[in-house]
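Sequence order for the protein chains is A and B.
With the working numbering, the residue at position 84 of the first sequence is 84, and numbering never jumps.
With the working numbering, the residue at position 287 of the second sequence is 287, and numbering never jumps.
Each remark here refers to the structure printed beneath this line.
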Amino acid sequence: MTKLAVVELKLLTREPGAIFSLLIPLFILVVFGSSIEPGDTVLLPMALAIAVGLVGLYMLPTTMATYRERGILRRLSTTPVRPGNLLVVQLILQLVLALTACGLLLAVGGTVLGAHLPTGVLPGVLTFLLGTAAMFAVGLLIAALAPNGRAANGIGVLLYFPMAYLAGLMQPTDQMPDILARIGEYTPLGAFRQSLRDVWAGGAPSPLLLGVMAAYAVVISIAAARFFRWE
Amino acid sequence: MAVIEVTDLRKRYADLTVLDGVSFSVEEGEIFGILGPNGTGKTTTVECVEGLRRPDGGSIKVLGLDPVKDGRKLREQIGVQLQHTQLPENIKVWEALDLYASFYANPRNWRELLEEWGLADKRNARFGKLSGGQKQRLFIALALVGNPRVAFLDELTAGLDPQARRTTWELIKQVRASGVTVVLVSHFMDEVEELCDRVAVFDRGTIVAIDTPAGLVDGIDAEHQMRFTLMAGDMVELGGLPGVTGVTRTGNRVVVTGRGDFATAVTAELARHHVLVSDLRIDKRTLDDAFVALTGRSFDSTH
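Here's what the structure looks like:
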């Protein structure tokens, strides 16, 4: 199990997509960050949501669907190790990737750019966990339904843009049509961004939005488990 | 001692019967061939034996274990090379072997396997950069890294060039020599003839014959021919010899048609009458002929 984790970690670092998931949000942060006022509470939550969204919708489903497509899960099931172990290791590593991306953003945003960092650690961690769980659940559902790695990749990218738009990651929500902004707030990514925003503003995230994310995480994970095929 | 015993195995997918009462046993230390055209149930049978699929009926014992109930215990003792599986593009050869070795309680030293399978100089190469033959050798090495008592190899030389196939065959013989029982799934007649101690011939979800390759060939009762050129002496009457069904002569060239081992009788008769012949050829019967005789259709027409 340890060796499996080590090898999978090495493979992840050799994956160009993993580097992109780290660099794209950072790039966006730096480009827009040059024009923010000190103490900004908008940009960092956006960049964090983008990072978690990329890992959940792009990295996670592509990796898992590719493993199934290449028969790696099936090959594992002929050994004493259960193929489920590989999925668990992958989930943990993708979580580590999301954490790394967010840590990088916080470090750069908080120091170089002088953006505001929230004081409420617990609400921040809770929001991060629920938001990541919701996005990973969507990623798992894509992995379950996509016939192969390329399809998973395509579905992930296709889903990312409308979800990012609705979440207010493409333009600020106050410039969006009111109805779309309202709907967007209850999408997984939208609830995540809004909750982060609340944390950054110094308040507690709305229990309703936390509940929305938890519900997405549970319901979509169950659907993913239901539709998942090992081969 | 039988290491694999399969009795009356049955498997259906929806309304398609894939296996319709398959029975065979594999003895310790042999290379057992599972031969048949694609789509006749070979791979399904082996996957049931490996515990990857659950049969609808019949019983399977591998090393005394039930592949479904004692799956985990069984998987410690078998090694599998599957058709159509890949590894991650970016995994290095040594990492794959090291990783798979870590799955087993008593693995082989994977560094030895690297040497044995000619992969030592590819140790640090990534899977995606390997040639077809190198990938195939790595898959076989991975099937052996757990130090298995039984190795299942499915279409092990598919996609290899003739030279690489020969090399692989020699290595498989060494695997048998080291005491590992090998189950070889193949649709290549020459491979089965070269390697297998015994063969089960599959057709339409059942086994139509189990025998040694030579036994299968001898068992067929099809007509075949011998030809020779008369050098000296007068031609003798051959038509009455046992097994001979026809003799035609064109100038010095003679073609004798017959069944069974008529060629021995013919050469003996020629020798007795001091007839000298040259250019003697006896059509070699092959497993292809055996397959036609057993199933009533040609092997290649089923592809």
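Glycine included, each C-beta is placed from N, C-alpha and C at the ideal position.
Spatial distance of residue i from residue j (CA atoms)
i	j	result
B:V145	B:F139	10 Å
B:G79	A:T173	57 Å
B:H303	B:R297	Bear in mind that a pLDDT of 46 at B:H303, under 50, signals an unreliable position, so the number given afterwards is only what the model happens to contain. The straight-line gap from Cα to Cα measures roughly 11 Å.
B:A2	B:K11	23 Å
B:D197	A:L159	56 Å
B:G246	B:V199	33 Å
B:A151	A:T13	34 Å
B:S23	A:G211	57 Å
A:R68	B:D121	29 Å
A:P80	B:E76	6 Å
A:A164	B:E89	30 Å
A:P188	B:L82	40 Å
A:A225	A:L87	12 Å
B:L65	A:P25	53 Å
A:I179	B:P67	57 Å
B:R165	B:G57	36 Å
B:F291	B:R285	11 Å
Any chain B beta carbon closer than 8 Å to residue i
i	result
A:T62	no
A:R147	Just to set this straight, residue 147 of chain A is Pro in the shown sequence, not Arg. Output row for A:P147: interface = no.
A:G17	no
A:V81	yes
A:V30	no
A:V138	no
A:R229	no
A:L44	no
A:R14	yes
A:L11	yes
A:L4	yes
A:V218	no
A:V7	yes
C-beta neighbour in chain A for residue i, strict 8 Å
i	result
B:T257	no
B:V254	no
B:H303	Model confidence at B:H303 stands at a pLDDT of 46, short of 50, so the residue's coordinates are unreliable; what they give is reported in the following sentence. For B:H303, the answer is no, since every Cβ of chain A falls outside 8 Å of its Cβ.
B:T167	no
B:R227	no
B:Q134	no
B:P242	no
B:I327	With chain B covering only 1 through 303, there is no way to say anything about residue 327 of chain B.
B:T45	no
B:G146	yes
B:L63	no
B:E95	yes
B:T85	yes
B:L153	no
B:P88	yes
Helix, strand or coil at residue i according to DSSP, with G and I counted as helix
i	result
B:H303	In this predicted model, B:H303 has a pLDDT of only 46, less than 50, meaning its place in the structure is not dependable; the value taken from the coordinates is given anyway. In this structure, B:H303 counts as coil in the three-state DSSP scheme.
A:G234	Because chain A is modelled from 1 through 231, residue 234 of chain A falls outside the range shown and cannot be assessed.
B:K92	strand
B:S59	strand
B:F103	coil
B:Q163	helix
B:R108	coil
A:A167	coil
B:R10	strand
A:I50	helix
A:I179	helix
B:Q86	coil
B:S25	strand
A:T41	coil
Any non-hydrogen atom of the ligand COA within 7 Å of residue i CB
i	result
A:L140	Summarising the ligand content, the structure contains no ligands, and the ligand COA is consequently not present.
Given 8 Å, three or more beta-carbon pairs between the stretch 99 to 109 of chain B and the stretch 146 to 161 of chain B: Contact between the stretch 99 to 109 of chain B and the stretch 146 to 161 of chain B is present: three or more C-beta pairs spanning the two stretches fall below 8 Å.
Residues within the stretch 101 to 113 of chain B neighbouring chain A, beta-carbon criterion of under 7 Å: Considering only beta carbons, the part of the stretch 101 to 113 of chain B lying closer than 7 Å to chain A consists of S102, F103 and Y104, in chain order.
Within 9 Å of chain B by C-beta, residues of the stretch 67 to 81 of chain A in sequence order: Answer in chain order: Y67, E69, R70, G71, I72, R74, R75, L76, S77, T78, T79, P80 and V81.
Contact residues within the stretch 111 to 126 of chain A, judged by C-beta distance below 8 Å to chain B: The residues in question: there are none.
Under 7 Å (Cβ pairs) to chain A, residues found in the stretch 66 to 77 of chain B: Of all residues in the stretch 66 to 77 of chain B, only R72, R75 and E76 come within less than 7 Å of chain A when Cβ atoms are compared, listed by chain position.
Cβ pair count under 8 Å reaching 3, the stretch 213 to 229 of chain B against the stretch 252 to 260 of chain B: Taking 8 Å as the limit for Cβ pairs, the verdict is that the stretch 252 to 260 of chain B does touch the stretch 213 to 229 of chain B.
Cβ pair count under 8 Å reaching 3, the stretch 192 to 205 of chain A against the stretch 98 to 109 of chain A: No: fewer than three Cβ pairs fall under 8 Å.
Interface positions of the stretch 141 to 169 of chain A facing chain B (Cβ-Cβ less than 7 Å), listed along the chain: So the list is empty, because no residue satisfies the distance condition.
Inter-stretch contact (C-beta, 8 Å, three-pair minimum) for the stretch 89 to 99 of chain A and the stretch 173 to 187 of chain A: As far as the Cβ criterion goes, the stretch 89 to 99 of chain A does not touch the stretch 173 to 187 of chain A, which means the pair count is below three.
Inter-stretch contact (C-beta, 8 Å, three-pair minimum) for the stretch 133 to 149 of chain A and the stretch 29 to 46 of chain A: Contact between the stretch 133 to 149 of chain A and the stretch 29 to 46 of chain A is absent, because fewer than three Cβ pairs lie under 8 Å.
Touch test, the stretch 39 to 50 of chain B against the stretch 212 to 226 of chain A, Cβ-Cβ under 8 Å, three pairs minimum: Taking 8 Å as the limit for Cβ pairs, the verdict is that the stretch 212 to 226 of chain A does not touch the stretch 39 to 50 of chain B.
Residues within the stretch 31 to 57 of chain B neighbouring chain A, beta-carbon criterion of under 7 Å: Residues passing the 7 Å Cβ filter: E50 and L52.
Segment contact, 8 Å Cβ cut-off, at least three pairs: the stretch 129 to 143 of chain A with the stretch 48 to 56 of chain A: They touch, by the three-pair rule.
Validate contact between the stretch 18 to 32 of chain B and the stretch 174 to 187 of chain B using beta carbons, cut 8 Å, 3 pairs: The stretch 18 to 32 of chain B is in contact with the stretch 174 to 187 of chain B.
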